[in-house]
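Presented below is the structure to which this report refers.
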Amino acid sequence: MILVTGGAGYIGTHAVLALMQSGHDVLVLDNLCNSTRSALDRVASLAGRRPRFVLGDIRNRALLDSVFAQFPIEAVMHFAGLKAVGESVREPLRYYDTNVGGSVNLCQAMAQAGVFRLVFSSSATVYGQSKKMPINEHCALGQPTNPYGQSKLMAEHVMHSVAESDPRWAIGLLRYFNPIGAHASGLLGEAPKSVPNNLLPYLLQVATGQRPSLPVYGTDYPTPDGTAVRDYIHVVDLAGAHLKALDYLMNHTGISVWNVGTGLGYSVLELVHAFEHVSKVKISLSFEPRRPGDIAQCWSDPTRARQQLDWVATRDLNCMLEDAWRWQCRNPEGYVLDTLELKIKLADKGHFYKSSAFKRAVGSALFR
Ligand SMILES: NC(=O)c1ccc[n+]([C@@H]2O[C@H](COP(=O)([O-])OP(=O)(O)OC[C@H]3O[C@@H](n4cnc5c(N)ncnc54)[C@H](O)[C@@H]3O)[C@@H](O)[C@H]2O)c1
716 MILVTGGAGY IGTHAVLALM QSGHDVLVLD NLCNSTRSAL DRVASLAGRR
766 PRFVLGDIRN RALLDSVFAQ FPIEAVMHFA GLKAVGESVR EPLRYYDTNV
816 GGSVNLCQAM AQAGVFRLVF SSSATVYGQS KKMPINEHCA LGQPTNPYGQ
866 SKLMAEHVMH SVAESDPRWA IGLLRYFNPI GAHASGLLGE APKSVPNNLL
916 PYLLQVATGQ RPSLPVYGTD YPTPDGTAVR DYIHVVDLAG AHLKALDYLM
966 NHTGISVWNV GTGLGYSVLE LVHAFEHVSK VKISLSFEPR RPGDIAQCWS
1016 DPTRARQQLD WVATRDLNCM LEDAWRWQCR NPEGYVLDTL ELKIKLADKG
1066 HFYKSSAFKR AVGSALFR
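Mapping to this note's numbering: the sequence shown position 250 is 965, numbers consecutive.
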């Protein structure tokens, strides 16, 4: 059985589904601070069976000990964490407590239970303002400019030390670039509980008329069109990388690090235009100054994951945007409404979705 912390979240649900579809039994531990149980109902409907679920917090050591005592856990995928950069600046202690303290707690409980195989959700943010592009795993680690990034770097340091301290550990650090997209079924996707932090979830809410315009931060970066360049990775490809990493750790102890990206960079404007092409919805933009701490460009060299894990991203930007748009159209309020409720809501003249493009898109996505 694989323990998936944070398995009800955006990336976790896709990983849980991938694990179940490849025959694993899965136990999800999540405190639902940024997710809902119904996400796991969707996973169950796609997988044809239900993952086990424990409502709880990774900072609760007694709970972790009882989970390891109760279930035959062979390995852990550790997604549970907080990820909003701006919030981390306002509430740094909560971020260090969860992302660092929670990871320490988990490693302690694992060691006590004799479980030494761990795949950790890290981030390209640990490279800071890398001068070298594309970024490979030999690039120096940087100085993340916010507590979120620092907490990921600190958690990586913890895991390096843990792996050095005991040869039984097999730890894989996956450094994600920019996960976007959704499951092709339209049933799983990113459902921000508050104002979205990342570009695509925000853009999707603009496309559906839930927000008036998309702020583009910085138009004077040294990039071809002046907007920031990022490496976007489809969440289903990312979930696949976790399975490959888990397999690898069956035969390799110590610590391993892999970038997870496509190796291609797209600017904000390129992404917006690609989205407009896919959705046929015009996105209204507001051009804003650069945000402190944002970097001009960041894209991966994913060679190591290809060579060591036999993993490559297979879904291109159009596929990421099509899948994300399908998800958004079918679930404009995330997991809150099921499809039937949404149909009823759309039939009600008083519903608040104002954009006619959104109504057309939702209509075609729901009723075809
Ligand atoms: N989404 C990204 O852009 C991105 C990029 C790089 C790394 N990551 C990392 O990947 C992981 C998953 O990200 P996501 O996008 O799926 O985020 P998410 O917020 O959708 O999922 C995180 C899950 O962890 C749960 N959680 C949070 N704190 C917890 C706690 N103390 N105990 C138990 N459960 C807790 C939340 O309820 C949520 O279900 C995070 O660690 C994040 O830092 C995400």
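The C-beta atom is built at its ideal place from N, Cα and C for all residues, glycine as well. Since the structure is predicted, the reported quantities are computational estimates derived from the model, not experimental observations.
Set against 6 Å, the gap from the CB of F794 to the closest heavy atom of ligand 1 is smaller. A straight-line Cα-Cα distance of about 19 Å links N893 and S750.
Between ligand 1 and the CB of S818, the shortest heavy atom gap is not smaller than 6 Å. With a beta-carbon spacing of about 4 Å, G976 and D946 fall inside the 8 Å limit used to define contacts. A direct Cα-Cα distance of roughly 20 Å separates N851 from D1031.
Annotation: the segment 755-817 contains the following complete segments of the alpha helix (DSSP H) (minimum length 4 residues), in chain order: 776-785, 800-805 and 807-810.
Per DSSP, the unbroken alpha helix (DSSP H) holding T728 starts and ends at Y725 to Q736.
When DSSP states are grouped into helix, strand and coil, D962 belongs to the helix group. Nearest in C-alpha terms to T1018, of all of G978, L902 and P1007, is G978. Judged by their CB atoms, V791 and L734 are not nearer to each other than the 7 Å cut-off.
A residue is called buried when at least 16 other Cβ atoms come within 10 angstroms of its Cβ; S1001 does not meet this threshold and is exposed. Each residue's CA atom was taken as its position, placing K798 and P882 some 31 Å apart. Shown here for I788: same chain residues with a beta carbon closer than 8 Å to its own, the five before and five after excluded, namely M716, I717, L718, L742, V782, A828 and V830 in chain order. Considering only L747, F835 and G763, the residue with the shortest C-alpha distance to D772 is L747.
Distances from the CB of L747 to the heavy atoms of ligand 1 include at least one below 6 Å.
For Q1012, the secondary structure class from DSSP, reduced to helix, strand or coil, is strand. In terms of Cβ geometry, G864 and T840 form a close pair [threshold 7 Å]. With a cutoff of 7 Å on beta-carbon distance, A943 and G933 are scored as near each other. As far as DSSP is concerned, R1006 takes part in no beta bridge.
DSSP, read as helix, strand or coil, puts D952 in helix.
Beta-bridge annotation (DSSP): P894 is paired with I948. The segment 902-920 makes contact with the segment 1038-1053: 3 or more CB pairs, one atom from each, lie closer than 8 Å. Excluding the 5 residues flanking it on each side, I970 has same chain C-beta neighbours closer than 6 Å at H875, A878 and I886, in chain order.
In the DSSP assignment, F990 falls within the unbroken alpha helix (DSSP H) covering V983 to S994.
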